[in-house]
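Residue numbers (the working numbering), protein chains in the order written: chain A, 1 to 187; chain B, 1001 to 1455; chain C, 2001 to 2406. Worksheet for the structure shown next.
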Amino acid sequence: MTDEAKPQPTPSPAPAKAEPTPLEIGRYGKILQANGIASKRLPDSCGVETVEIDAKDLQKAAKTLRDNQEVKLNLLNCLAGVDNLETFDSVYHLWSYENTNEFVMKVSIPKTQVAEGKLPDVPSLVPIWNAANWHERESYDLVGINYVGHPYMRRILNPWDWEGHPLRRDYKQPVDALNDKNPHSMR
Amino acid sequence: MTSSTITREIPKPGINFQLYELGKFIRLSLTWLTIIFGAVWIASWLVGVLLPAAIEQFMQGDNAHFIGNVLRALTPIVSVMVFIPINAMFMVLCERRALALFTVRKGPNRVGPDGYLQTAADAVKLLFKEDITPHGADAIMFTLAPIIFFAPSIFGALPLLAAVTADHPLYSFVNLPTGIFYVLAMSSIPVVGLVMGSWASNNKYSLVGGLRSAAQAVSYEIPLVLSIITVCFMAGSLDVVQIARQQAGGLLNWNVFGGGALTHANLGSITSIVAALIMSLSCVILFCMYLIAACAEVNRIPFDLPEAESELVSGYNTEYSGIKFAIFFLAEFTNLFIVSTVATVMFLGCGAAPLPILDEVMVGTVTSLLAWAQNNLGANFGQLGWLINSLINPTTFVAALWVILKVYSLVVFAILVRGTLPRFRIDQLMDFGWKRLIPLSLILLIAITFLKELV
Amino acid sequence: MAIDTAGLTSDDLKTEEMVINMGPQHPATHGVLRLLLTLDGEYVTHVEPVIGHLHRAQEWQGQNRTWFQYQALIDRVDYLSGMFTSWALSRAAETIDECHVPERAEYMRVIVAEMNRITSHLLWLGTYLIDLGAMFGFPFYPFREREKLLDLFEAIAGQRMMFNYIRIGGVQREAPFGWFAKLKAFTEEFPDRIDEYEAIVTQNPIFLKRTKGVGILKKSVAMDYGVTGPCIRASGINMDLRRFKPYSVYPKLKFEVPVIEGDGDTWARYMCRIQEMRQSNEIIKQCLDQITGGWPEELAERRKSCNSCGKEDCANCGGDLKIMAKKQNAGLRVKAGEAFAAVESPRGTLGCYVISNGSDKAFRFKWRNPSFCNLSVLHELLVGHPIADIMAIFGSIDVILPDVDR
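Below, the structure written as structure tokens:
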């Protein structure tokens, strides 16, 4: 497969994120606002309200939404780390066991704010949901986001001595580096 | 938008399939049983009759007589030695085919005609496999363990030979006055081999398996022995031949139905009849208890905790390979055979037919056939005529047929249980052993002892 | 290895603990799970699951392969319920693409998905009994029925396990002639078969002893760990996406979601799956009756009148009678956008989070695998149980290791 053969797949541009005009604050945004958490509304991801919040507010926001009797977002359905070219995103899909509410929270860390050789820091949600435990480990393993306050932050899917974070856009496979030195390599 | 029809028929295993497979299974069993017992028969005849006779014929003096007697004395050992490996092969094949039958499959049917030689091929494979002693294992103990596990099953079974051959002259000397005690004592040795092997393999799974096995053997030995002791009380003897003999004369004389309590009951007295009824009921319970304890003793499902495949990866024999593993395997099936034989001898009337008339008819038929052969064929062979006559002892032959039928029925029953039940958990197993079986066996022991006097 | 012994009670009689490594090569870990167990005698005091032995970088592959190529790969994510992984991906892509899937295709999807649910549960039933030690006997009965369904899968998709049948925009192909009749015959006899299993298993005293009150999963714990599927329905929470957030044609079908009120022990999880199989069977029956356009034999007959024109406005070929709404070739593209789509797989909520940038490859894939989330609750269930219960509990949460590791 020719796509594989390239040592570094050319990253395609991310979908347009920021709209020129700020969007109106939504239902969940209002709840967050009432609890003193600022949020920036993003375009809905297929009909589900999506907001971006600050890393420092994350734990508070999650706790608020979980304990809120109106929305009861008590299921952390999915947690995805995304390398979005300019930013590292941590995306939280919140669902509920009791109703059909859905909500998406994103924490964006611009790559410019991350020091060389360091990982972006995002607060861990393990104190609020144990479900976050393995998802955060996976996100750390594959995308390289450091979840501060996680009890057991180590690789989960890759071997424990793996180097690099495979789902980063600038990830280079170890085997590619080996083959670069070999003039007869077909890769 | 193309559509095609399904050409392949979806197979429907139905009752016909099952019957067909059952027929094949019975044919396989009969073939193998003929091979096994034919081999044992010929081997023991050679060693016990033909060779001594030939030696005494061609060598003169006391020496020849002595050698002949030594050979005769070796007959039981030789027959056991011939019997155990072939029998284990058959039992493994029988188990696999029977389980396949229970679960709508076909089982091994490729090696040899219709899979008859599958286990023989397996045995050859095991012999040629590399014999690995794991790193850190105690090599001496590791090698000794399978032998200690296996040896008692050879020597322990000897007194039973006298009973199952209806006290045939060649076998009667292996009978002991305390025969059944010797068998029980021998059958409790293998657990030492298990613990030894599991400790020596330097493997944690094996260790857990071995300790479980020790705990289980200790717990289930007690109800097993108590149920046998109860039978001994009923019979008033420890001699297996005598116990077997007492059960002759029909179904109701078997120990499983009260050992003659029903036939000997005094019809005039209500107490006697009631006592006889209760006693026969207790004996049925006793028999079931013996079967349960025996299942646990030989590590069969649902009591196969020491080797629990899905938990402990075969427990004590995890690290064994090649010939050592084969010996473990052999010993397991031999032990199953021996507990079934003990059950047959102690409970199921040994060589006695369910109806006395059957025995008479069968012995009569065989005797008249022999007489016919003696008259028509023996004459042609002249002096060797008596040798042919010595091939078959009618009483032993008929008794052995019944024993074979009963023992293998019990074996098939054990396989059926294996095909049905899941496994106990270790604490539940202990609870069941100590809180249910042991009290029950003690109660039955006392009850049957008293009831026997009342009948 | 960090083993936390701080929370243990210590008294003078405490024996030394043994660390035992269960797996990855262990007959009952359903693949390659590794459990680092700390045992006190036979009782588990600490457990650490180590996963990732089957990691095949499914997400990375999704980002480096075109949509069309990746469709064929995702059956491998969960090899026992490949229809559901395909369906989750298709739903995500269709949501972004605002693609209308023809109703006939949706019916076909429901039929094959429910068939797949039955095969998955049947395999679980067989292997679970092996976990409990019923080694060679009963476990083969479920395989008898599973075999029939696999034959049907082979007839419709060409493969017995890796179907690649549900595609973005519809399904791969029409059912062959005779397929519906065979399936109908199966649905007629299947309830009797379930009765047969129940007769052997449900009232078996040893089975009850091994499963009742073992591995209790409390509601609060389950919600905390994000457990879904039969596991959480056995704990008394009614959450089945087919009813909870209805998709496809499920609103048109009559079925019940089995919820077992009670302890949430392994027995409840067993009962939940058994009842789910009955419900799936009912769903298939209804779909066979209701499917838009009728059985393929009838439809082919009707299409003779228009000579299978395939035009959009044709009453026999177009609209909801089609089975595919998008062209399936290497140029398959999905609009820019992001979506999270979930389906109810046999193991729980199978979610697919996709970010697309409008090219032929996705920008980011993230699978939300039910096994992954359900397995993370394992250590809560195991501590305090004897070693023999490990497999009884682990088997009851029905984890597929490729689904965990991707």
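Even for Gly, the Cβ is constructed at its ideal location relative to N, Cα and C. None of these values were measured; they are calculated from a predicted model.
Using a C-beta cutoff of 8 angstroms, does HIS2046 of chain C count as contacting chain B? Taking Cβ atoms only, chain B never reaches closer than 8 angstroms to HIS2046 of chain C, which makes this a no.
What does GLU1056 of chain B reach in chain C if we use C-beta pairs closer than 8 angstroms? Chain-ordered listing is empty here: chain C has no CB closer than 8 angstroms to the CB of GLU1056 of chain B, the nearest sitting near 52 angstroms.
Less than 8 angstroms separating the beta-carbons of PHE1000 of chain B and ILE1323 of chain B? The requested residue 1000 of chain B does not occur in the structure, where chain B is confined to residues 1001 to 1455.
Do you know how far the Cα of PHE2163 of chain C is from the Cα of ARG2109 of chain C? Near 12 angstroms, if we compare the C-alpha coordinates of PHE2163 of chain C and ARG2109 of chain C.
Against chain A, does THR2349 of chain C count as a neighbour if the rule is that its beta carbon must be under 8 angstroms from one of theirs? Residue-level contact by beta carbon holds for THR2349 of chain C and chain A, with a gap shorter than 8 angstroms.
The beta strand (DSSP E) enclosing PRO110 of chain A, as first and last residue numbers: Secondary structure note for PRO110 of chain A: its beta strand (DSSP E) is the uninterrupted segment 103-110.
Going along chain F, which residues have a C-beta under 9 angstroms from THR100 of chain A? Of the protein chains in this structure, namely A, B and C, none is chain F.
For ILE1270 of chain B, count the other beta carbons within 10 Å of its own beta carbon; 16 or more makes it buried, fewer makes it exposed. Which is it? Classification for ILE1270 of chain B: exposed.
So is ASP1108 of chain B in contact with chain C if we call contact Cβ pairs under 8 angstroms? Note on residue identity: the sequence assigns Pro, not Asp, to residue 1108 of chain B. No - not a single Cβ of chain C is within 8 angstroms of the one on PRO1108 of chain B.
How many Å lie between HIS2379 of chain C and ASN77 of chain A at the Cα? One C-alpha to the other measures close to 20 angstroms.
Is it true that the region 1151-1165 of chain B meets the region 1186-1198 of chain B, where meeting means three or more beta-carbon pairs spaced less than 8 angstroms apart? The region 1151-1165 of chain B makes contact with the region 1186-1198 of chain B: 3 or more CB pairs, one atom from each, lie closer than 8 angstroms.
Proximal residues to THR1002 of chain B (C-beta, below 8 angstroms), its chain only, five neighbours per side dropped: Confidence at THR1002 of chain B is low in this model, with a pLDDT of 43, below 50, so its placement is unreliable and the value that follows should be read with caution. The beta carbon of THR1002 of chain B sits closer than 8 angstroms to no other beta carbon from its chain once the five residues preceding and following it are set aside.
Among the residues of its own chain, which have a CB less than 8 angstroms from the CB of THR1143 of chain B, if the five just before and after it don't count? Contacts found: THR1133 and LYS1324.
At a CB-CB cut-off below 7 angstroms, which residues of chain B make contact with LYS2209 of chain C? Residues of chain B passing the Cβ test: GLN1428.
Please report the distance separating the alpha-carbon of CYS1295 of chain B from that of ARG2144 of chain C. Near 29 angstroms, if we compare the C-alpha coordinates of ARG2144 of chain C and CYS1295 of chain B.
Rounded Cβ spacing between ASP2398 of chain C and PHE2372 of chain C (contact assumed at less than 8 angstroms): In fact, because the Cβ distance is near 13 angstroms, the residues do not count as touching under 8 angstroms.
Are the CB atoms of LEU2039 of chain C and ILE2020 of chain C nearer to each other than 8 angstroms? If you check the CB distance, LEU2039 of chain C and ILE2020 of chain C come in under 8 angstroms.
Starting from HIS2046 of chain C, follow its DSSP beta bridges and name the residues at the other end. Answer by DSSP bridge pairing, in chain order: C:THR2038.
For chain C, check one thing: does any of its Cβ atoms lie closer than 8 angstroms to the Cβ of LYS1435 of chain B? Answer no: the Cβ-Cβ gap between LYS1435 of chain B and chain C never drops below 8 angstroms.
Taking only beta-carbon positions, decide if LEU157 of chain A is within less than 8 angstroms of chain C. Contacts with chain C at 8 angstroms (Cβ-Cβ) include LEU157 of chain A.
Counting only runs of 4+ residues fully inside the region 2166-2249 of chain C, write out the alpha helix (DSSP H) ranges in chain order. At a cut-off of 4 residues, the continuous stretches assigned as alpha helix (DSSP H) that sit fully inside the region 2166-2249 of chain C are 2179-2201, 2205-2211, 2219-2224, 2230-2234 and 2241-2244.
Note down, in chain order, each residue of its chain lying with its Cβ closer than 6 angstroms to the Cβ of GLU4 of chain A, except the 5 sequence neighbours on either side. Because GLU4 of chain A sits at a pLDDT of 41, beneath the cut-off of 50, its placement in the model cannot be relied upon, and the point is left open.
Proximity to VAL1225 of chain B [Cα-Cα], best of B:LEU1355, B:MET1289 and B:MET1141: Ranking the options by Cα distance to VAL1225 of chain B, first place goes to B:MET1289.
Note down the Cα distance separating LEU75 of chain A from ALA2222 of chain C, rounded to an integer number of angstroms. CA-to-CA, the gap between LEU75 of chain A and ALA2222 of chain C works out to about 10 angstroms.
Under 8 angstroms by Cβ, that's how I've got GLU52 of chain A and LYS40 of chain A pegged, so tell me the actual separation to the nearest angstrom. Between GLU52 of chain A and LYS40 of chain A a beta carbon distance of about 5 angstroms is seen, short of the 8 angstroms cut, so the two are scored as contacting.
Using C-beta distances below 7 angstroms, list every residue in its chain close to PRO2024 of chain C, excluding the 5 sequence neighbours before and after it, in chain order. Within the same chain, and ignoring the five residues on either side of PRO2024 of chain C in sequence, the residues whose Cβ sits closer than 7 angstroms to its Cβ are VAL2032, LEU2033, ARG2034 and HIS2053.
How big is the Cα-Cα spacing for THR2085 of chain C and LEU2350 of chain C? Spanning the two alpha carbons is a distance of roughly 7 angstroms.
When DSSP labels each residue in this structure, what does ASN1299 of chain B get in the three-state scheme? Three-state result, ASN1299 of chain B: coil.
Can you find a CB in chain C that lies within less than 8 angstroms of the CB of ALA131 of chain A? ALA131 of chain A counts as touching chain C.
Taking Cβ positions only, does TYR97 of chain A come closer than 8 angstroms to chain C? The Cβ of TYR97 of chain A sits closer than 8 angstroms to at least one Cβ of chain C.
Do VAL2077 of chain C and TRP2267 of chain C have their C-beta atoms within less than 8 angstroms of each other? Contact: no.
Minimum C-alpha distance to LEU1405 of chain B - residue among B:ASN1202, B:PHE1329, B:ALA1352 and B:ALA1214: Nearest C-alpha to LEU1405 of chain B among B:ASN1202, B:PHE1329, B:ALA1352 and B:ALA1214: B:ALA1352.
Limits of the unbroken beta strand (DSSP E) element including HIS93 of chain A: Boundaries of the beta strand (DSSP E) harbouring HIS93 of chain A: 87-95, taken from the DSSP string.
Starting from SER2376 of chain C, find everything on chain A with Cβ-Cβ shorter than 8 angstroms and list it in chain order. Going along chain A in sequence order, the residues near SER2376 of chain C (Cβ under 8 angstroms) are ASN130, ALA131, ASN133 and TRP134.
Any Cβ of chain A within less than 8 angstroms of the Cβ of ILE2237 of chain C? At least one CB atom of chain A sits nearer than 8 angstroms to the CB of ILE2237 of chain C.
If we cut at 8 angstroms on Cβ distances, does LEU165 of chain A have a partner in chain C? According to the sequence displayed, residue 165 of chain A carries His and not Leu. At a cut-off of 8 angstroms between beta-carbon atoms, HIS165 of chain A makes no contact with chain C.
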